[in-house]
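K.L.:
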Amino acid sequence: MKKQFLLATAVAGLLALGAQGVMAQNVAIVNGKAVPKTRLDSLAQQVAKSGRPVTPDMEAQLREEVIAREVFMQEAEKRGLSTSDDVKVQMELARQTIMIRELFADYQKNNPVTEDEMKAEYDKFAEANGGKEYKARHILVEKESEAKDIIASLKKGGKFDDIAKKKSKDPGSGAKGGDLDWANPSSYVPEFTQALVKLSKGQTTDTPVKTEFGYHVIRVDDIRTAQLPSYEEVKPQIAQQMQQQKLAAFQTDLRKKAKVE
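Sequential numbering from 0 applies to the sequence shown in numbering that gives the first Met the number 0.
1) For a quick check, are the C-beta atoms of L227 and A125 less than 8 Å apart?
2) I'd like to check one pair, K200 with V219: are the Cβ atoms closer than 8 Å?
3) Is the CB-CB distance between F103 and R136 below 8 Å?
4) Would you list, in sequence order, the uninterrupted beta strand (DSSP E) runs of no fewer than 3 residues that lie entirely inside the region 123-203?
5) Alpha carbon to alpha carbon, how far is A238 from L195? Give it in angstroms, no decimals.
6) Using three-state DSSP, classify R218 as helix, strand or coil.
7) Let me confirm a value: T206 is counted as buried when at least 16 other C-beta atoms fall within 10 Å, else exposed. Which label applies?
8) How should T54 be labelled, buried or exposed, when 16 other C-beta atoms within 10 angstroms of its C-beta is the threshold for buried?
9) Let's see if you can read the secondary structure: which residues bound the beta strand (DSSP E) around V208?
10) Closer than 7 Å by C-beta to E190: which residues in its own chain qualify, once you throw out the five before and the five after it? Chain order, please.
11) Identify whether N25 lies in helix, strand or coil by the three-state DSSP scheme.
12) Nearest to V65 by CA position, among T82, V29, K48 and S83, is which residue?
13) Within the chosen definition, does the region 233-249 reach the region 106-126 through at least 3 CB pairs nearer than 8 Å?
14) Taking one C-beta from the region 42-59 and one from the region 83-101 each time, how about it: are there three or more such pairs within less than 8 Å?
15) What do you get for A172, buried or exposed, if any count of 16 or more other CB atoms within 10 angstroms of its CB means buried?
16) Tell me where the alpha helix (DSSP H) around A75 begins and ends.
17) Could you tell me if Q243 is buried or exposed, where buried requires 16 or more neighbouring beta carbons within 10 angstroms of its beta carbon?
18) For A104, report the span of its alpha helix (DSSP H) as first-last.
19) Pull up the distance between the alpha-carbon of A155 and that of A247, whole angstroms please.
20) According to the neighbour-count rule (16 or more other Cβ atoms, all chains shown, within 10 Å of its Cβ), is V140 buried or exposed?
21) My output table needs one value for V46: the three-state DSSP class, helix, strand or coil.
22) Return helix, strand or coil for V34, following the three-state DSSP convention.
23) Between which two residues does the alpha helix (DSSP H) harbouring P52 extend?
24) Would I138 and S152 be called neighbours here (beta carbons separated by less than 8 Å)?
25) Return the residue from the list E101, I99, K32 and M117 that minimises the CA-CA distance to E74.
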């Protein structure tokens, strides 16, 4: 009798251990169906990636979310909603979205932007934006005759700021007295740049400068050596930009190679 009792106790203990093992693998059992813990782990990872900490309270909320989803899914299955054509199409689109996202993530993981590539990109940026920066003003008008009249008025003592506010057609700088702030000459259209770099500090163009926008009267308020950010300051932006460029090239290459009939 004693041996039978010990055997029964041992069996009960093994069953209990087995049940604990099952529950360790599952979040819950909903209407007899196991809800795997991997679902909870996946949601927790998404929360963590968004920058929010997965606290015990958050984990409890996620567990309730996982259980609620299973309850609703079971009801949807019971009503036969998974067999509708519309749901099937939406599920396929969702599957494609997930697979494509993983494809791009896998590509970026295996094709990281190297330090040498980022430094080379910075050197190109520094070369294009180095040299001198100009703090200039301009007055933009439609007709050459208007620009000539403005130049004549300035030579007689007219104030550049006042004339710009009254007559300039450039909505951005006109209200600020024609002020274009500090900029590299290459940031302007070629005709404007060519006229700008010929001017010294405090000098105004003697003749109107024609561009695709109209006629300009340009004045240089100041000139300085270009102040570029250091490599370390812009490294994160360079990395992000180059990652996007690499991914875009990968996408374009795949599209070109695909046989579409």
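Every residue gets a Cβ at the ideal spot worked out from N, C-alpha and C, and that includes glycine. What you are looking at is a predicted structure, and each value in this text was computed from that prediction instead of being measured.
P.N.:
To lay it out plainly:
1) yes
2) yes
3) no
4) 131-140 and 178-182
5) 34 Å
6) strand
7) exposed
8) exposed
9) V208 to T210
10) V208, K209 and T210
11) strand
12) V29
13) yes
14) no
15) Note that residue 172 is Ser in the sequence shown, not Ala. Counting Cβ neighbours within 10 Å, S172 comes out buried, since at least 16 surround it.
16) P55 to K77
17) exposed
18) D84 to N109
19) Reading off the sequence shown, one finds Lys at residue 155, where the question assumed Ala. Their Cα atoms are separated by approximately 56 Å.
20) buried
21) helix
22) strand
23) Taken as a continuous stretch (DSSP letters only), P52 belongs to no alpha helix (DSSP H), as it is neither H nor E.
24) no
25) K32
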